[in-house]
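Structure first, commentary second.
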Amino acid sequence: AQTVTQSQPEMSVQEAETVTLSCTYDTSESNYYLFWYKQPPSRQMILVIRQEAYKQQNATENRFSVNFQKAAKSFSLKISDSQLGDTAMYFCAFTLQGAQKLVFGQGTRLTINP
Amino acid sequence: GAVVSQHPSWVICKSGTSVKIECRSLDFQATTMFWYRQFPKQSLMLMATSNEGSKATYEQGVEKDKFLINHASLTLSTLTVTSAHPEDSSFYICSATKRTVDRDTQYFGPGTRLTVL
Numbered sequence: 150a151q152t153v154t155q156s157q158p159e160m161s162v163q164e165a166e167t168v169t170l171s172c173t174y175d176t177s178e179s180n181y182y183l184f185w186y187k188q189p190p191s192r193q194m195i196l197v198i199r200q201e202a203y204k205q206q207n208a209t210e211n212r213f214s215v216n217f218q219k220a221a222k223s224f225s226l227k228i229s230d231s232q233l234g235d236t237a238m239y240f241c242a243f244t245l246q247g248a249q250k251l252v253f254g255q256g257t258r259l260t261i262n263p
Numbered sequence: 028g029a030v031v032s033q034h035p036s037w038v039i040c041k042s043g044t045s046v047k048i049e050c051r052s053l054d055f056q057a058t059t060m061f062w063y064r065q066f067p068k069q070s071l072m073l074m075a076t077s078n079e080g081s082k083a084t085y086e087q088g089v090e091k092d093k094f095l096i097n098h099a100s101l102t103l104s105t106l107t108v109t110s111a112h113p114e115d116s117s118f119y120i121c122s123a124t125k126r127t128v129d130r131d132t133q134y135f136g137p138g139t140r141l142t143v144l
């Protein structure tokens, strides 16, 4: 079975700083997808970024980028120039290619301080 | 875009009654939808996979007779909590899969807060 682990329950940084959230996963499969979802206080889940395992290039979306290390089964999220609106729970998630079902990590509560 | 709605956004009911929660994909068709449960300050726990036109697939430990799922159309799935009890109080979230040529992406509804008195 696949598992996703987020070892940082909480993080806090100052506005405009860069912050990195960690995620590791375990799978014996080679074709899969990884995601970072954001859940702000409204509790609406929002897709932040996705990475296909077959792609070597790390995904980027504006201020959000990932460091995907397939051999190490690591998938960290870097938020640059953090903003107050980035305050949220962040969940790392995994799905096998074609499976659709998401496996979530425990989440990291990120607080951006003014 | 890809929008998923849920109704109601919150509901309070008496113990022993049944509550129905609707999940709709507003601008795309979804053959597969998912139902999650989330306790305070915890992650999402998958309850079941809802497939249009067929029976739902429940995760281990989830009572199928307690949580009835119906996916009668490509844009609507419903979750009915039968004979609700206080321990069923939780935040319920649905998601729907939008399929394109090169990828599947799950979009989430805003959630429903259920309180059973």
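Read top to bottom, the protein sequences are chains Z and A. Take the first sequence: its letters are residues 150 to 263, numbered as in the numbering used here. Take the second sequence: its letters are residues 28 to 144, numbered as in the numbering used here. Ideal Cβ positions, reconstructed from N, Cα and C, are used throughout, including at glycine.
Residue closest to residue i, alpha-carbon to alpha-carbon, out of the options
i        : options                                : result
TYR63/A  : SER117/A, ASP131/A, ARG126/A, ASP129/A : SER117/A
MET74/A  : ALA83/A, LEU144/A, ALA57/A             : ALA83/A
ILE120/A : PHE66/A, GLY28/A, ALA57/A              : PHE66/A
GLN155/Z : VAL215/Z, GLU178/Z, PHE224/Z, LYS204/Z : PHE224/Z
MET72/A  : LEU245/Z, THR152/Z, LYS204/Z           : THR152/Z
SER214/Z : GLU166/Z, GLN157/Z, PHE240/Z, VAL197/Z : VAL197/Z
GLN163/Z : GLY234/Z, LEU183/Z, THR244/Z           : GLY234/Z
THR209/Z : GLN255/Z, ASN180/Z, LEU226/Z           : LEU226/Z
LEU141/A : ASP54/A, VAL30/A, LYS41/A              : LYS41/A
SER32/A  : ILE48/A, LEU144/A, PRO137/A            : PRO137/A
Close beta carbons around residue i, own chain, < 8 Å, minus the five adjacent residues each side
i        : result
THR109/A : SER45, ASP92, LYS93, PHE94, LEU95
MET160/Z : VAL168, LEU170, THR257, ARG258, LEU259, THR260
CB contact check: residue i to chain A, cutoff 7 Å
i        : result
PHE217/Z : no
MET160/Z : no
Spatial neighbours of residue i in its chain, beta-carbon cut-off 6 Å, leaving aside the 5 residues before and after
i        : result
MET194/Z : TYR186, GLN188
THR176/Z : GLN151
THR236/Z : THR260, ILE261
Spatial distance of residue i from residue j (CA atoms)
i        : j        : result
TYR134/A : MET60/A  : 9 Å
ASP131/A : SER100/A : 19 Å
VAL38/A  : MET238/Z : 24 Å
GLU178/Z : ALA123/A : 24 Å
Closer than 7 Å to chain Z by CB, residue i
i        : result
PRO137/A : yes
SER104/A : no
ASP115/A : no
THR124/A : yes
LEU71/A  : yes
Residues near residue i in its chain [Cβ-Cβ closer than 7 Å; skip 5 each side]
i       : result
GLN69/A : none
Would you list, in chain order, the members of the stretch 240 to 256 of chain Z that have their beta-carbon closer than 7 Å to a beta-carbon of chain A?
-> PHE240, GLN249, LYS250, LEU251, PHE253, GLY254, GLN255, GLY256
In the stretch 195 to 213 of chain Z, which residues sit with their C-beta less than 9 Å from some C-beta in chain A, listed in chain order?
-> ILE195, LEU196, ARG199, GLU201
Contact residues within the stretch 183 to 194 of chain Z, judged by C-beta distance below 7 Å to chain A = ARG192, GLN193, MET194
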